[in-house]
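To start, the structure itself, in structure tokens.
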Amino acid sequence: MFEEIQKRKQRCESAKDLARILVEKDKSWKATKSRLDKSRAKFHKYEGRASALEKRDVASAPDTPLLLATKSGCTEIVKEILKVYPQAVEHIDGDGRNILHVAIKYRRLEIIDTVINMAHSIRRLRGKIDKKGYSLLHMFSVQAKDSKPEDDIRNPALILRDDLILFERISKVCTTSARLQLNFNEETAEQMLLEKTTQLRVDAKEWMKNTAENCSIVAVLIATVAFAAAYTVPGGPNQETGYPLLKNKPFFIVFALADALSLTFSLTSVIVFLSILTSSFRLNDFRYSLHNKLLLGLTVLILSVSMMMVAFAATLILTISSGQNWTNVFLYIISFFPVTVYGYSYIHLYKLLINAFCEKMWMLKEAIFPPCVNVAPPQADFTRLPTASSIP
């Protein structure tokens, strides 16, 4: 296996070296010139005013290597081309779309981040529109079908959330006129976004409701068990005094605390999941509110399951423990096995929610303490995009 990894690494390095050589010999950047207009995309392959024949030649011309690399998501090749030929960022395809239009259409976040951090280029590109009147923000609604990777495990709610965050970030980079730009169908970018995300919003709503309903059922069952366990203490009560017979045992305190915490956490999760079910499910709610509630609900639900297993283990040790260490360890393993299975089944969803929470905390930190240098956030590449006010 190690040799196979080494061979793949060598092939990758060889491909990068070949790409560098081809980039240096590439002259496709000469087919385009800088455009001064910031609102309308114009063909500029030839000097002067383009004729109908020239426009047809531009429309039928194949995409440049830069745009092909952008569509394919080859970030290394894009960076190498822009490093050798920075002027190639002005390339447009047959539809009048520049690299940012294409990167947004295919959701190439690293390429978007790379281009926007080129301060001089973004000033010229952020206000451009294509032949259909689409600005950068309009391109969110014409997402390519093959832009979603096959191994994407995100649910509809997280996909919608990521699109909304990226839309918000790009809107801060665009000019004011670009935000209000109408396409040739007299639609703004926000109107197109609302129209194109209708089905995704319905799917996200159904997924969120089903998840909240299923988790709330589990939380209610845990609360029922924890409440019943509080009245059926291990060992039973003293018939004369009514106090538990095993109250002086150390593990009885563990049982009492774990049972109380399990009941508290489960009831809290029920309240959180009910707040999700009664939500209005507005488009902005999918950006932060609903995901934060789901993260909180899953967290306290996992804690309630864990505390219930602790109470169960304490009960077993109090009633059937033989006093030997190996029996106690065996009982612990048996007791926490359901927690392990439950945690493993939700680990992917929980990881995505944790990443979303970290991104929000990063943006909150940037809002309170503006960074002196451009530093990348821990999880999302597109949170580094500068705002329009930060571009001279």
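All the letters of the sequence shown, read from the start, carry residue numbers 1 to 392 under full-length UniProt numbering. Ideal Cβ positions, reconstructed from N, Cα and C, are used throughout, including at glycine.
Item	Value
Shortest alpha-carbon distance to I354 belongs to which of L296, T319, T278?	L296
Taking K205 as the reference, give the member of F167, T340, R169, H291 with the closest Cα.	H291
Which residues in the same chain have their Cβ closer than 6 Å to the Cβ of F251, if we skip the five residues on either side of it in sequence?	A314, I317, L318
How would you call I253, buried or exposed, if buried means at least 16 neighbouring beta carbons within 10 angstroms?	exposed
Closer than 8 Å is the cut-off here; do at least three beta carbon pairs connect the segment 124-142 with the segment 178-190?	yes
Buried or exposed for E13, please, with buried defined as at least 16 other CB atoms from any protein chain shown within 10 angstroms of its CB.	exposed
For H101, tell me which candidate among V84, M118, Q87, R126 has the shortest Cα-Cα distance.	R126
State yes or no: is the C-beta of D259 within less than 7 Å of the C-beta of A230?	yes
Please name the residue, chosen from V341, S279, P338, that lies closest to A212 on a Cα-to-Cα basis.	S279
Can you round the beta-carbon distance between S262 and M307 to whole angstroms, since I take them to be within the 8 Å contact cut?	4 Å
Hey, K93 and D63: beta-carbon distance below 7 Å or not?	Note on residue identity: the sequence assigns Asp, not Lys, to residue 93. Cβ distance < 7 Å, so D93 and D63 count as in contact.
Strictly under 7 Å for the Cβ-Cβ distance: is F286 near chain B by that measure?	Any reference to chain B falls outside this structure, which holds one protein chain only.
Distance, Cα to Cα, I217 vs M361?	30 Å
Return helix, strand or coil for S304, following the three-state DSSP convention.	helix
Within the same chain, show all residues whose beta-carbon is closer than 6 Å to that of V272, passing over the 5 residues directly before and after it, in chain order.	K293, L296, G297
Leaving aside the five residues before and after I77 along the sequence, list all residues of the same chain whose C-beta is less than 8 Å from its C-beta, in chain order.	A19, V23, P65, A69
Apart from the five residues on each side of it in sequence, which residues of its chain come closer than 6 Å, Cβ to Cβ, to D299?	The residue you asked about is not Asp; residue 299 is Thr in the sequence shown. Once the five neighbours on either side are set aside, T299 has no close Cβ partner at all.
Hey, L200 and L158: beta-carbon distance below 7 Å or not?	no
Can you check which of these residues, S289, L221, I276, is closest to F265 by C-alpha distance?	L221
Please state whether the Cβ-Cβ distance between A103 and I111 is less than 7 Å.	yes
Is H120 buried or exposed, if buried means 16 or more other CB atoms sit within 10 Å of its CB?	exposed
Compute the beta-carbon to beta-carbon distance between I276 and M208, rounded to the nearest angstrom, for a pair I have assumed lies under 8 Å.	6 Å
With distance defined between alpha-carbon atoms, name the residue in F330, F281, T75 nearest to V202.	F281
Looking at the unbroken alpha helix (DSSP H) that takes in S135, where does it start and where does it end?	That residue, S135, is in no alpha helix (DSSP H); it is neither H nor E in DSSP.
Look up K83 in the DSSP assignment and say whether it is helix, strand or coil.	helix
Helix or strand or just coil, what does DSSP make of H291?	helix
Can you tell me whether DSSP reads A380 as helix, strand or coil?	Model confidence at A380 stands at a pLDDT of 43, short of 50, so the residue's coordinates are unreliable and nothing is read from them.
For the alpha helix (DSSP H) that E110 lies in, which residues bound it at each end?	109-116
Taking the alpha carbon of V305 as the reference point, which residue from P338, A228, F255 has its own alpha carbon closest?	P338
Starting from the Cα of L283, find the closest Cα among T197, R108, C74 and give me that residue.	T197
Would T340 be called buried (16 or more neighbouring beta carbons within 10 Å of its own) or exposed?	exposed
Out of A228, V310, A223, point me to the one whose CA is closest to L267's CA.	A223
Have a look at T175, T188, A311, V270 and flag the residue whose alpha-carbon is nearest the alpha-carbon of A228.	A311
Taking the Cβ atom as the reference point for each residue, do L95 and K128 lie within a distance shorter than 7 Å?	In the sequence on display, residue 95 carries Asp and not Leu. No; because the gap between Cβ atoms is not below 7 Å, this pair is not in contact.
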